[in-house]
Every structure is written in structure tokens, then in C-alpha cells.
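A short write-up of the structure that comes next.
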Amino acid sequence: MSGTITTIYPQSVTWNSITYSAASHGLVRAEVQHGGQPVESLAGDDEYARQTFVVNKGVRVRLFIRNFAIDTSLGAATSNMVITVKHKSGTKTLTIANMILFDVRPSQARAQESETILEFVHESADGTTNPLTAA
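Numbering of the sequence shown is given in my numbering, commencing with residue 3 and proceeding in unit increments.
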């Protein structure tokens with residue numbers, strides 16, 4: 003993690019030639035999870051791990067939009083995703099390679115704004131390259 007820039011809102015997310023923004027789809031929030039499973043190495047009377055390995059790494063992204071969206075093309079396209087967030091003097095971008103849409107959850111409560119959660123997962127081209135690039 004780098005820098006001291008405070009970002010204030012998601013400006014846009016582009017995936018598979020679709021742009022999610024305030025003007026298009028009503029982008030409200032973007033969540034990125036880049037994680038893995040910790041495997042801790044302990045022996046004898048160790049109370050704390052002497053080594054920790056992070057395995058089964060992956061990237062997931064959830065977008066929250068103000069549009070009751072139905073998408074039947076789950077898993078049909080793999081595309082890079084570019085997330086742009088606004089800060090006081092400009093923008094920051096995060097590019098994530100090879101993202102696939104795998105879950106769409108629209109909801110509409112009576113007399114309230116609708117919300118759809120779109121969930122994406124990363125598919126690696128080689129099994130080792132980190133898919134995240136920040137600028």
C-alpha cells in the first residue's frame with residue numbers, strides 16, 4: 003500500500019466494454035478483495051507461527067449499482083477491469099486482469115432506490131502473475 007491520498011468516491015468501473023458510473027447504472031460502491039488462505043507453521047510448544055505461507059490467492063470484486071439489473075451472461079466473458087476513484091486533486095486507478103462476472107443480485111424494496119450487486123472473480127492466465135496494477 004502506498005501514498006497518503008484519501009479517495010472519496012468511486013468514479014467509474016469499466017469491464018467488458020461496459021462502464022458503471024453515476025451517469026450509467028448509478029455506481030454507488032466498489033469493493034475489492036485480494037486475499038488468500040494462511041497456512042501457519044508451528045512445531046513443539048510454539049504458540050505463534052514461525053512461518054506463514056499465503057496460498058490459494060484470489061481476487062474478487064463487488065460492485066453496488068442503483069439499477070435493477072438482470073444479466074444472464076454469467077461466466078460468458080473474461081475482461082480486464084479498471085476501477086477509477088476520485089480524490090481531492092484527481093483520480094487513482096486500479097486495473098485487475100481477467101475478471102469474470104459470476105453473481106448478479108438485484109433487489110427492489112417498496113418506495114426505495116433499487117440496488118444490484120455484481121460480483122466478479124479473477125481467472126489467472128498463468129497461475130502466478132499478480133493481476134492488480136495500481137496507478
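Using N, Cα and C, we set each Cβ at its ideal position, and we do this for glycine too.
Residue i - partner residues in DSSP beta bridges
i: residue 64; result: 33 and 121
i: residue 26; result: Answer is none; residue 26 lacks a bridge partner.
i: residue 105; result: 121
i: residue 43; result: 53
i: residue 7; result: DSSP lists no partner for residue 7.
CA-to-CA distance, residue j to residue i, given in whole angstroms
i: residue 102; j: residue 90; result: 31 Å
i: residue 117; j: residue 26; result: 14 Å
i: residue 132; j: residue 88; result: 24 Å
i: residue 22; j: residue 134; result: 19 Å
i: residue 72; j: residue 109; result: 10 Å
Short Cβ contact (9 Å threshold) for residue i with residue j
i: residue 127; j: residue 97; result: no
i: residue 85; j: residue 30; result: no
i: residue 77; j: residue 60; result: no
i: residue 68; j: residue 115; result: yes
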